[in-house]
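Novice: Position 325, counted from 1, in the sequence shown is what the numbering used here calls 355; the numbers after and before it change by one each time, with no gaps. For each residue, glycine too, the CB sits at the ideal point set by N, CA and C. First, the structure itself, so that you have it in front of you.
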Amino acid sequence: MPFVTDIYPPSKEIEAAAGVGLAVGARKGKGFPGRRHYEAVEVLSRFSILLHTVAWEKGEEGCTGLVIDPQGLLSGAVRFDLAPGGPPADLNADLIEEDFVALCQQTARAASEFSAETVEIPGLVTEPEQVRPFLKDDGCGAAASGLAQTADASRVVEGLREKLAGYDAGAAAWTELKQKLFAYRDQLATKINEAAGEARAAAAKSQEELTAEVKAALAARRREAEAAGEEAREEHRKQQELIQSELERFQQRFQEKGEDYWRDKIKAEEQRLVENDKKLAATLDRLSAAERKYAGSQQERIKQFKAEVEKRLAAFDQRLNRLDSALAALDKGVDKRLERIREQQKKVAGLAVSLTVEQCGKEFPVVFYAARYSGDRWQLFPPQFLGGRGLKDKIAGLFGGFNLPFRSAGKVGEVLAGKIQALLPGHALEARLVELNLLEDPGFMDEAKAGLARLIDQGALSKNQAGLFEGL
31 MPFVTDIYPP SKEIEAAAGV GLAVGARKGK GFPGRRHYEA VEVLSRFSIL LHTVAWEKGE
91 EGCTGLVIDP QGLLSGAVRF DLAPGGPPAD LNADLIEEDF VALCQQTARA ASEFSAETVE
151 IPGLVTEPEQ VRPFLKDDGC GAAASGLAQT ADASRVVEGL REKLAGYDAG AAAWTELKQK
211 LFAYRDQLAT KINEAAGEAR AAAAKSQEEL TAEVKAALAA RRREAEAAGE EAREEHRKQQ
271 ELIQSELERF QQRFQEKGED YWRDKIKAEE QRLVENDKKL AATLDRLSAA ERKYAGSQQE
331 RIKQFKAEVE KRLAAFDQRL NRLDSALAAL DKGVDKRLER IREQQKKVAG LAVSLTVEQC
391 GKEFPVVFYA ARYSGDRWQL FPPQFLGGRG LKDKIAGLFG GFNLPFRSAG KVGEVLAGKI
451 QALLPGHALE ARLVELNLLE DPGFMDEAKA GLARLIDQGA LSKNQAGLFE GL
């Protein structure tokens, strides 16, 4: 790619003007603006490092790909929301209900517990859109940096695919266990329903027997009551005849003698008749009440039996409901985990950039300029866009600074420049950059001055900057 990434076709003159202009603009100076002394630019070199693209998902017209820094200057941190892997326990085919419910609860808790995991991947560019402007074939002849390549693009992709394969395997294990638990619940439910059916049939038979027993007991008690009633009536009849006989005798005596004594006797016997009737009525009422009470006690036996049966049958329903509740929590927890696992696939897909067929699986040179100033201070400049830097440029122009029409092409380029700049002191690349000093090439300075003139003609730079490169 050219150093100024958005000029088509690339212009060696504009690029040279950009490199020299940035080097001049980065000088440190002392004194007042009109009489300021700047440090000398001793070395200005142009070099490139490589970025690799590797296909992640291929299509007929292109691919989505990851961008890899083979020099390992960049390191990508991918934060996964949970670790791969399956459930902590599997299903034992001989579990009883209590253990099955406990396993469901344990699995539901485990499925809902997420522990984030951050994986640091040397060489992975995690902001691919930032480097899209760098993915051009033309390096414009920039010398290679010679930096060692410590990151293998294929291994980076292989590691990520293995990571995601672990999530796929984990999702399959969670899904399989959930299916096993649901199937085992059906087996337990079948056994419970069978036991409930047997209990219901036994209860119906027992109720039938109890009902027959109650009917027989009521019939026997009714016969006993009828016999006692008949006995009371017979006793009443005998007393009635005896009292009536005495009453008739007393009435005869009263007719014969007319004495009050016999009148009192008559009244006494009439009272005895009344008392005898009352006694019979009371006896019959008592027998009837006792029969009703007994019938009520027998019906209470049936009622209590039915309540006990309903309680036993309700226990079967409670067992089924407990299984369903445990599985509902499990289902919710596992589905939540599976959804989170699916989201992990997007973690890597979000790091990929859309590429054309020509851009898939290729190397792209990224061009930098490096300037060394007096005092062995190095300054590296990342790829640039053509265009002003807004308010910053205007303020710089007002105070006598250089209102350069260039701005960094992205943060990734700035990070790379900063990391390479930190490597330079004592590094082999430093000596190589000194050897590549463009200030010793008259042709380069002619290109830079031609590019400067073109920028002025285009109105991108003030005419006051026409002598910017003089003295270099």
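Taking just the CA atoms, how far does L468 sit from Y403?
Specialist: By one-based count along the sequence shown, residue 403 stands at place 373. By one-based count along the sequence shown, residue 468 stands at place 438. Those two C-alpha atoms are separated by around 14 Å.
Novice: Output needed for R342: all residues of its chain with C-beta closer than 8 Å, excluding positions within five of it in sequence on either side, in chain order.
Specialist: Stepping through the sequence shown from its first residue, residue 342 is reached at position 312. The residues are A229 and A233.
Novice: Give the DSSP-derived three-state secondary structure of H457 in the structure shown.
Specialist: Numbered from 1 along the sequence shown, position 427 holds the residue referred to as residue 457. Three-state DSSP puts H457 in coil, outside helix and strand.
Novice: Applying the criterion that 16 or more other CB atoms from any shown protein chain within 10 Å of the CB defines a buried residue, is G153 buried or exposed?
Specialist: One-based indexing of the sequence shown puts residue 153 at position 123. Flag for G153 reads buried.
Novice: I think P158 touches V383, with their Cβ atoms under 8 Å apart; what is that distance to the nearest whole Å?
Specialist: Against the sequence shown, residue 158 aligns to sequence position 128. Against the sequence shown, residue 383 aligns to sequence position 353. Right, their Cβ atoms sit about 4 Å apart.
Novice: Using DSSP with H/G/I as helix, E/B as strand and the rest coil, what is I98?
Specialist: Here residue 98 is taken as the residue at index 68 of the sequence shown, counted from 1. It is a strand residue.
Novice: For the structure I just gave you, are there three or more beta carbon pairs, one from the region 141-156 and one from the region 357-377, closer than 8 Å?
Specialist: At 8 Å Cβ cutoff, the stretches touch.
Novice: Should K268 be counted as a contact of the ligand GDP given a C-beta to heavy atom distance under 7 Å?
Specialist: Inclusion of the ligand GDP in the displayed structure is not the case, the ligand content being empty and no account of it being possible.
Novice: Is the distance from the Cβ of A119 to the Cβ of T148 below 8 Å?
Specialist: Looking up residue 119 in the sequence shown gives position 89. Looking up residue 148 in the sequence shown gives position 118. No, these two residues do not count as a Cβ contact at 8 Å.
Novice: Excluding sequence positions up to five away, which residues of its chain have a Cβ less than 6 Å from the Cβ of V464?
Specialist: Here residue 464 is taken as the residue at index 434 of the sequence shown, counted from 1. Cβ within range, chain order: V73.
Novice: Tell me the rounded alpha-carbon separation between A262 and I296.
Specialist: Residue numbering aside, residue 262 sits at position 232 when the sequence shown is read from its first letter. Residue numbering aside, residue 296 sits at position 266 when the sequence shown is read from its first letter. Cα to Cα, A262 sits roughly 25 Å from I296.
Novice: Between L453 and L207, what straight-line distance do the alpha-carbon atoms span, to the nearest angstrom?
Specialist: Taking the first residue of the sequence shown as 1, we reach residue 453 at position 423. Taking the first residue of the sequence shown as 1, we reach residue 207 at position 177. Each residue's alpha carbon lies about 53 Å from the other.
Novice: If you compare alpha carbons, which of L104, G196 and A183 is closest to T83?
Specialist: Numbered from 1 along the sequence shown, position 53 holds the residue referred to as residue 83. When only C-alpha atoms are compared, the closest one is A183.
Novice: Helix, strand or coil for F499 per DSSP?
Specialist: As a first step, residue 499 must be located in the sequence shown, where it is residue number 469. Coil.
Novice: So, I44 versus Y197, is the Cβ gap smaller than 8 Å?
Specialist: As a first step, residue 44 is located in the sequence shown; it is residue number 14 there, counting from the start. As a first step, residue 197 is located in the sequence shown; it is residue number 167 there, counting from the start. The answer is no: Cβ separation not under 8 Å.
Novice: CA-CA distance, G227 and D216?
Specialist: The count along the sequence shown starts at 1 and reaches residue 227 at position 197. The count along the sequence shown starts at 1 and reaches residue 216 at position 186. Distance between the alpha carbons of G227 and D216: 16 Å.
Novice: Tell me where the beta strand (DSSP E) around Q414 begins and ends.
Specialist: As a working note, residue 414 is residue 384 in the sequence shown. From DSSP, the beta strand (DSSP E) with Q414 extends over Q414 to L416.
Novice: With DSSP run on the structure shown, which of helix, strand or coil describes G115?
Specialist: Within the sequence shown, numbered from 1, the residue matching residue 115 stands at position 85. Three-state DSSP puts G115 in coil, outside helix and strand.
Novice: Please report how far the alpha carbon of S327 lies from the alpha carbon of L240, in whole angstroms.
Specialist: Within the sequence shown, the letter at position 297 stands for residue 327. Within the sequence shown, the letter at position 210 stands for residue 240. When rounded, the distance between both Cα atoms is 13 Å.
Novice: Touch check for the region 35-50 and the region 482-490: three-plus C-beta pairs under 8 Å?
Specialist: Segments in contact, yes.
Novice: With the cut-off set at 8 Å, would you say A173 and L466 are in Cβ contact?
Specialist: Translated into positions along the sequence shown, residue 173 becomes position 143. Translated into positions along the sequence shown, residue 466 becomes position 436. For A173 and L466, yes; Cβs fall inside 8 Å.
Novice: How about the region 255-272 and the region 305-323: do they share at least three Cβ pairs that are nearer than 8 Å?
Specialist: Touching, yes.
Novice: When you compare each of V387, L314 and Q101 to V186 by their alpha carbons, which one comes out closest?
Specialist: By 1-based counting over the sequence shown, the position of residue 186 is 156. Considering only alpha carbons, the answer is Q101.
Novice: Taking just the CA atoms, how far does Q414 sit from R437?
Specialist: On the sequence shown, residue 437 is found 407 positions in, with the first residue counted as 1. On the sequence shown, residue 414 is found 384 positions in, with the first residue counted as 1. Those two C-alpha atoms are separated by around 5 Å.
Novice: Between which residues of its own chain and V378 is the CB-CB distance below 6 Å, once the five residues before and five after are set aside?
Specialist: By one-based count along the sequence shown, residue 378 stands at place 348. If we look at V378 and ignore the five residues flanking it on each side, its Cβ neighbours are L190.
Novice: Please classify D406 as buried or exposed, where buried requires at least 16 neighbouring CB atoms within 10 angstroms.
Specialist: Here the question's residue 406 lines up with position 376 in the sequence shown. D406 is exposed by the Cβ-count criterion.
Novice: Looking only at its own chain, which residues have a Cβ that is under 7 Å from the Cβ of Q281, when we skip the five neighbours before and after it?
Specialist: Along the sequence shown, read from residue 1 onward, the residue named residue 281 stands at position 251. Closer than 7 Å at Cβ, skipping near neighbours: I296.
Novice: Quick check on DSSP: helix, strand or coil for P158?
Specialist: The residue labelled residue 158 in the question sits at position 128 within the sequence shown. Three-state DSSP puts P158 in a helix.
Novice: In terms of residues, what are the limits of the beta strand (DSSP E) holding A400?
Specialist: In the sequence shown, counting from the first residue as 1, residue 400 sits at position 370. Segment E393 to Y403, the beta strand (DSSP E) holding A400.
Novice: Tell me whether the region 122-135 and the region 83-100 touch, counting them as touching only if at least three CB pairs, one residue from each stretch, are closer than 8 Å.
Specialist: Touching, no, given that fewer than three Cβ pairs across the two stretches are closer than 8 Å.
Novice: Can the beta-carbon of V54 be found less than 8 Å from the beta-carbon of L498?
Specialist: As a working mapping, residue 54 is identified with position 24 in the sequence shown. As a working mapping, residue 498 is identified with position 468 in the sequence shown. Yes, they are a contact pair.
Novice: Find out if the Cβ-Cβ distance for the pair L194, V155 is shorter than 8 Å.
Specialist: Numbered from 1 along the sequence shown, position 164 holds the residue referred to as residue 194. Numbered from 1 along the sequence shown, position 125 holds the residue referred to as residue 155. Their beta carbons are not under 8 Å apart, which means L194 does not touch V155 by this criterion.
Novice: State yes or no: is the C-beta of A320 within less than 8 Å of the C-beta of A255?
Specialist: For the purposes of this step, residue 320 is taken as the residue at position 290 of the sequence shown. For the purposes of this step, residue 255 is taken as the residue at position 225 of the sequence shown. Result yes, Cβ atoms of A320 and A255 sit closer than 8 Å.
Novice: Leaving out five residues on either side along the sequence, give the residues of the same chain with a beta carbon under 7 Å from the beta carbon of N494.
Specialist: Position 464 of the sequence shown, counting from 1, holds the residue named residue 494. Same-chain partners within the cutoff: there are none.
Novice: Which word fits Y38, buried or exposed, when buried means at least 16 other C-beta atoms lie within 10 angstroms of its C-beta?
Specialist: On the sequence shown, position 8 is the one that residue 38 refers to. Per the 10 Å Cβ criterion, exposed.
Novice: Roughly how many whole angstroms lie between the Cα atoms of V445 and F164?
Specialist: Counted from its first residue, the sequence shown places residue 445 at position 415. Counted from its first residue, the sequence shown places residue 164 at position 134. Near 14 Å, if we compare the C-alpha coordinates of F164 and V445.
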